[in-house]
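Asks: First residue of the first sequence: 66, per our numbering; consecutive thereafter. Beta carbons: idealized from backbone N, C-alpha and C, even for Gly.
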Amino acid sequence: MGLARPDLRPDPSLSRAEMEGLQRDIAAAATFEDDHGLDPAAVAVEEATSLADGLPPARDGAQERLGTGDEGSADTTPDPDGPTVVGVDQAFLTDRDGDRPDAAVSAAVAFRAGTVVEYASATTPLSIPYVPGLLAFREGEPILAALDALDADPDLLICDGSGRIHFREAGLATHVGVLRDVPSVGVAKSLLCGEPDEPTVERPEGWRTPVRADDAVTTAEPGTVIGHAFQSRQYPNSKRVNPLYVSPGHRVSAATAVEFVAALCAGYKLPKPTRLADAYADTVKRDAD
DNA sequence: GCGACAG
DNA sequence: ATCTTGTCGC
Numbered sequence: 066m067g068l069a070r071p072d073l074r075p076d077p078s079l080s081r082a083e084m085e086g087l088q089r090d091i092a093a094a095a096t097f098e099d100d101h102g103l104d105p106a107a108v109a110v111e112e113a114t115s116l117a118d119g120l121p122p123a124r125d126g127a128q129e130r131l132g133t134g135d136e137g138s139a140d141t142t143p144d145p146d147g148p149t150v151v152g153v154d155q156a157f158l159t160d161r162d163g164d165r166p167d168a169a170v171s172a173a174v175a176f177r178a179g180t181v182v183e184y185a186s187a188t189t190p191l192s193i194p195y196v197p198g199l200l201a202f203r204e205g206e207p208i209l210a211a212l213d214a215l216d217a218d219p220d221l222l223i224c225d226g227s228g229r230i231h232f233r234e235a236g237l238a239t240h241v242g243v244l245r246d247v248p249s250v251g252v253a254k255s256l257l258c259g260e261p262d263e264p265t266v267e268r269p270e271g272w273r274t275p276v277r278a279d280d281a282v283t284t285a286e287p288g289t290v291i292g293h294a295f296q297s298r299q300y301p302n303s304k305r306v307n308p309l310y311v312s313p314g315h316r317v318s319a320a321t322a323v324e325f326v327a328a329l330c331a332g333y334k335l336p337k338p339t340r341l342a343d344a345y346a347d348t349v350k351r352d353a354d
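1) Is any heavy atom in the ligand SAH found nearer than 7 Å to the beta carbon of H315?
2) Buried or exposed: where does L68 fall if 16 or more other Cβ atoms within 10 Å of its Cβ makes it buried?
3) With burial defined as no fewer than 16 other Cβ atoms inside 10 Å of the residue's Cβ, what is the status of G102: buried or exposed?
4) Buried or exposed: which applies to R233, given that a residue is buried once 16 or more other Cβ atoms fall within 10 Å of its Cβ?
5) Mapping the DSSP letters down to three states, classify F202 as helix, strand or coil.
6) Straight-line CA distance for L199 to F325?
7) Straight-line CA distance for G179 to T339?
8) Find the nearest neighbour of Q155 within the set P105, P313 and L212, judged by alpha-carbon distance.
9) Figure out for me which residue from L237, E286, A353 and G147 has the closest Cα to the Cα of S312.
10) Going along the chain, which unbroken runs of the beta strand (DSSP E) with 3 or more residues stay wholly within the stretch 223-256?
11) Within the chosen definition, does the stretch 205-225 reach the stretch 241-249 through at least 3 CB pairs nearer than 8 Å?
12) Roughly how many angstroms separate the alpha carbons of A243 and V174, rounded to a whole number?
13) Helix, strand or coil for R340 per DSSP?
14) Go through its chain and collect everything with a Cβ distance to A106's Cβ below 8 Å, but skip five positions before and after it.
15) If you draw a straight line from the alpha carbon of A235 to that of T265, how long is it in whole angstroms?
16) At the level of alpha carbons, what is the spacing between R305 and T274?
17) In angstroms, rounded to a whole number, what distance separates the CA positions of M84 and R70?
18) Does DSSP put R351 in a helix, in a strand, or in coil?
19) What did DSSP end up calling A331 once you bin it into helix, strand or coil?
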């Protein structure tokens, strides 16, 4: 599957102003409404049962297909032809004294009927530094490379970062979703911009509140709902867990984006596709040492 | 000029 | 994001 919008693909030599202009074009091409035909219940993963949450062995190849689910058991509604949800995340190799070039290890983990069906990864040299608001220019290409290494065709992408919760409504999830024209959702662990309707501290599991555009969001009317703060996990006692900030990437509404994430967290803070992609990227990274 | 800012 | 061991709690 190639790019749906090659005209919106960033050139590595863009100036900052040009990157921001491209983000406005990407936001204009994005759809923040439901256009996927997916039912959150159909993408749900099994609730955490025991300690059976392992990873497969990281092999030399860039990808690996699994014939049968190797984690958990698809006892409820084992629909082999159900929608494919893909989680993407990255690990980084930093340049300690010129030993090796800076690089990103991107991992994509595909789920169907609540279980893993494929792992893929790609290692990409990094040139652009991290700049708040321009994350997609650093991580977008590496993520697309990992998706290229995946045989599965994603029906929904779960990205680690913001989507519509962004200065120009074009965060990482929106960037990747629009370029591939795949429904996508952004899941961030901290808030880039916007204002939650209510304070988010010490909320019970399952709690959520809208995040509205504030003055920092230059492309939306102030007050527009651009995402949600969502308490995916909380402990009865002791330490408190921070909420997630969920926002539409492309072809998903703010309300449905939270429903997808709620169906994918299964008792953990992060969606399972994200957790496994994170762990797989780390595994591949370690093997590179 | 300062603040504030996903990963 | 990354540099890093143990440790407290469910």
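Replies: Short version:
1) Looking at this structure, you won't find the ligand SAH or any other ligand, since it has none at all.
2) Residue 68 sits at position 3 when you count from the first residue of the first sequence. L68 comes out exposed.
3) Taking the first sequence and counting its residues from 1, the one referred to as residue 102 is at position 37. Exposed: under 16 other Cβ atoms inside 10 Å.
4) Sequence index remark: in the first sequence, residue 233 carries index 168 (1-based). Classification for R233: buried.
5) Along the first sequence, one-based indexing puts residue 202 at 137. In this structure, F202 counts as helix in the three-state DSSP scheme.
6) Residue numbering aside, residue 199 sits at position 134 when the first sequence is read from its first letter. Residue numbering aside, residue 325 sits at position 260 when the first sequence is read from its first letter. One C-alpha to the other measures close to 25 Å.
7) Along the first sequence, one-based indexing puts residue 179 at 114. Along the first sequence, one-based indexing puts residue 339 at 274. Approximately 13 Å between the Cα atoms of the pair.
8) For the purposes of this step, residue 155 is identified with residue 90 of the first sequence, where counting begins at 1. Just measuring C-alpha positions, the residue of P105, P313 and L212 sitting nearest Q155 is L212.
9) Residue 312 sits at position 247 when you count from the first residue of the first sequence. Comparing Cα-Cα distances from S312 to each of L237, E286, A353 and G147, the minimum goes to L237.
10) 249-253
11) yes
12) As a working mapping, residue 243 is identified with position 178 in the first sequence. As a working mapping, residue 174 is identified with position 109 in the first sequence. Reading off the sequence shown, one finds Val at residue 243, where the question assumed Ala. So the two alpha carbons sit approximately 20 Å from each other.
13) Residue numbering aside, residue 340 sits at position 275 when the first sequence is read from its first letter. Three-state result, R340: helix.
14) For the purposes of this step, residue 106 is taken as residue 41 along the first sequence, with counting starting at 1. Cβ within range, chain order: A328.
15) In the first sequence, the residue the question calls residue 235 occupies position 170. In the first sequence, the residue the question calls residue 265 occupies position 200. When rounded, the distance between both Cα atoms is 24 Å.
16) For the purposes of this step, residue 305 is taken as residue 240 along the first sequence, with counting starting at 1. For the purposes of this step, residue 274 is taken as residue 209 along the first sequence, with counting starting at 1. About 18 Å.
17) As a first step, residue 84 is located in the first sequence; it is residue number 19 there, counting from the start. As a first step, residue 70 is located in the first sequence; it is residue number 5 there, counting from the start. So the two alpha carbons sit approximately 16 Å from each other.
18) Within the first sequence, the letter at position 286 stands for residue 351. Of the three classes helix, strand and coil, the one that applies to R351 here is helix, per DSSP.
19) As a working note, residue 331 is residue 266 in the first sequence. DSSP places A331 in the coil class of the three-state scheme, outside both helix and strand.
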